[in-house]
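Working notes, structure below.
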Amino acid sequence: MSRSADRSRALFEKAQTLMPGGVSSPVRAFRSVGGHPLYMSRGEGAYLFDEDGNRYIDFVLAWGPMILGHAHPAVLEAVTRAAKDGLAFGTTHRHEVELAELILSAYAPFDRLRFVVSGTEAVATAVRLARGATGRSLVLKFEGCYHGHVDALMVKAGSGLATQGLPESAGVPQGVSGSTLVVELGDVAALEQVFATHGKELACAILEPLPANNGLLPQTDAFLQKLRALTQANGSLLIFDEVISGFRYGYHGYGKRCGVQPDLVTLGKIIGGGLPVGAVAGSGKLLDQLAPLGKVYQAGTMAGNPVCLAAGIATLKELKKGQVYSHLETLGARVEKGLSAIPGARVRRLGGVFWPYLTHEGPLPTRTSEVSALAVTKYKASYQGWLDAGLYLPPSAWEVGFLSAQHTVEHVDALIAGVKAAMAHA
Ligand SMILES: *Cc1c(COP(=O)(O)O)cnc(C)c1O
48 MSRSADRSRA LFEKAQTLMP GGVSSPVRAF RSVGGHPLYM SRGEGAYLFD EDGNRYIDFV
108 LAWGPMILGH AHPAVLEAVT RAAKDGLAFG TTHRHEVELA ELILSAYAPF DRLRFVVSGT
168 EAVATAVRLA RGATGRSLVL KFEGCYHGHV DALMVKAGSG LATQGLPESA GVPQGVSGST
228 LVVELGDVAA LEQVFATHGK ELACAILEPL PANNGLLPQT DAFLQKLRAL TQANGSLLIF
288 DEVISGFRYG YHGYGKRCGV QPDLVTLGKI IGGGLPVGAV AGSGKLLDQL APLGKVYQAG
348 TMAGNPVCLA AGIATLKELK KGQVYSHLET LGARVEKGLS AIPGARVRRL GGVFWPYLTH
408 EGPLPTRTSE VSALAVTKYK ASYQGWLDAG LYLPPSAWEV GFLSAQHTVE HVDALIAGVK
468 AAMAHA
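One gets the working numbering by counting positions in the sequence shown from 1 and adding 47 to each.
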């Protein structure tokens, strides 16, 4: 296939002289699949168009927010109307009330939330609140869960069972990472050991209830319930980081699905409908400890921006009707069936989220350490062929793919055919 990429290549060359690695966020640099990134110019429905005029079926969807697809009419109209009324006021405004109600209606018994600008900020706020509310400093996280680039959570496991965190990034002091403990997903023995040793010093445990940033690694309800029981028994808070999973599998949080009620939930991605919005939700008893009522400080010039919230409101209203979720389940099931039938390929899938796993070596992973190097190699080897076939998948074997309300059976069948062709050559 001859797919022109001259403009993307030229832009990337220039960008690298202006921005570190030429990007605004590292995974966009295509380093784990090779080649150079594409410069997208337009999104419409299930499609992205690049600067060279190529069209792709988009299975990345801005890494999750675009659950309604690109340029959804209801979202566009809401954003346009809000923008005409003014881009920012730095005051209270009615959209805050409306979106807060729409979100909290899905998260009963929670009755308070604070708007922030990103998922990272939501997590930073939730952790500070947990520490402020408990008067404790230790935080427990799980290997393979991503919580944004918050210092305290840019941490990897050290050696040993229940380990004190080591900085995963330069610039994070030991003093910060050292107050984070890390255990492996699904490891009940390690979990029990951490709580036996440090339970009374733990401010909170945080995890993605459906880990989706290192492959899709669903945990058993029993594991999540065990974590709930241990946090409760030790007076530690449980934070579900639902920046991906919130409103993803129905008009509710993941807690409803697994039968676990967390103390705090962090949100982002979908609730902004493609514009930057994050939130922390919980009970009034906890959230009212934030300033101005409480002693935990948090603020933001752009927090609760009216145009961004208008996009979130339009998105959630559309989702609340329910049809989108059944559409995603139907299409998702087709992806699962189609990819599973390809020799050498497997897939993990929940609703409209799928993770191609291109090897039959070993079991389908439920923790990061089980992910086969072969699956990663095959993904990388397939990637340029997918672009040539007009398929835009996550530029990393560790990231999940997404379907939107505007994807169709034809789009899904093109994906299946593309993976099949790649596996035949790989
Ligand atoms: C994307 C993500 C974040 C970070 O959100 P940003 O808006 O990128 O800061 C945090 N937690 C999870 C689970 C995420 O998927």
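Cβ coordinates follow ideal geometry from the N, Cα and C atoms, glycine included. The structure presented is a predicted model; accordingly, all values stated were derived computationally and were not measured.
Chain-order list of residues whose beta-carbon lies under 7 Å from that of residue i (same chain, five-residue window excluded)
i            : result
glycine 306  : Asp268, Gln272
valine 235   : Phe270, Lys273
glycine 191  : Leu232, Pro258, Asn261, Leu264, Arg414, Thr415
arginine 161 : Thr172, Ala326, Val327, Leu334, Leu337, Gln345
Residue i classed as buried or exposed, judged by whether at least 16 other C-beta atoms fall within 10 angstroms
i             : result
serine 292    : buried
leucine 485   : No statement about residue 485 is possible, as the shown extent of the chain runs from 48 to 473 and does not include it.
valine 144    : exposed
histidine 472 : exposed
threonine 278 : buried
leucine 208   : Because the pLDDT at leucine 208 is just 47, under 50, the model does not fix this residue reliably, and the value given afterwards should be weighed accordingly. Per the 10 Å Cβ criterion, exposed.
histidine 407 : exposed
methionine 66 : exposed
aspartate 132 : exposed
lysine 384    : exposed
glycine 81    : exposed
alanine 243   : exposed
serine 72     : exposed
glutamate 60  : exposed
proline 156   : exposed
leucine 112   : Checking the displayed sequence, the identity of residue 112 turns out to be proline instead of leucine. So proline 112 ends up on the buried side.
Nearest-angstrom Cα separation, counted from residue j out to residue i
i             : j                 : result
glycine 325   : serine 165        : 4 Å
alanine 93    : phenylalanine 449 : 10 Å
arginine 178  : glutamate 215     : 22 Å
glutamine 221 : threonine 64      : 32 Å
glycine 225   : glycine 300       : 31 Å
alanine 252   : alanine 57        : 45 Å
histidine 196 : serine 79         : 19 Å
leucine 462   : arginine 175      : 42 Å
valine 418    : glycine 182       : 38 Å
glycine 369   : asparagine 281    : 38 Å
histidine 245 : arginine 275      : 16 Å
glutamine 240 : proline 410       : 27 Å
Nonlocal neighbours in the same chain, by C-beta distance under 8 Å from residue i, ignoring five residues either side
i           : result
alanine 346 : Ala338
glycine 379 : Arg396, Leu397, Gly398, Gly399, Val400, Phe401, Leu450
arginine 75 : Pro84, Pro442
glycine 341 : Gly179, Asp335
Beta-bridge pairing of residue i - partner residues as DSSP gives them
i                : result
histidine 117    : Gly92
cysteine 532     : In the structure as shown, the chain begins at 48 and stops at 473. Residue 532 is therefore absent and cannot be evaluated.
phenylalanine 59 : Answer by DSSP bridge pairing: none, since phenylalanine 59 is not bridged.
Cβ shell of residue i (< 6 Å), same chain only, five flanking positions each side left out
i             : result
leucine 263   : Arg395, Trp402, Val447
arginine 89   : Phe96
proline 353   : Ala129, His140, His142
alanine 153   : Tyr298, His299
glycine 212   : Val202, Ser224, Thr227, Val229
glycine 331   : Asp158, Arg159
alanine 436   : Gly465
glutamate 376 : Gly398
Beta carbon proximity, residue i to chain B, threshold 8 Å
i           : result
proline 156 : Included in the structure is just one protein chain, with no chain B present.
- Item | Complete runs of the beta strand (DSSP E) confined to the region 69-104 [at least 3 residues] | 87-91, 94-97
- Ranges of the alpha helix (DSSP H) found wholly within the region 304-373, counting only runs of at least 4: 331-334, 353-367
- Which parts of the region 373-425 are runs of the beta strand (DSSP E), unbroken and 3 residues or longer, counting only runs that do not cross its ends? 393-397, 400-404
- Query: Counting only runs that start and end within the region 193-236, where is the alpha helix (DSSP H) found for 4 or more residues in a row?
  - Reply: 221-224
- Message: I'd like the ranges of any alpha helix (DSSP H) spanning at least 4 consecutive residues and lying wholly in the region 106-173.
- Response: 120-131, 141-151
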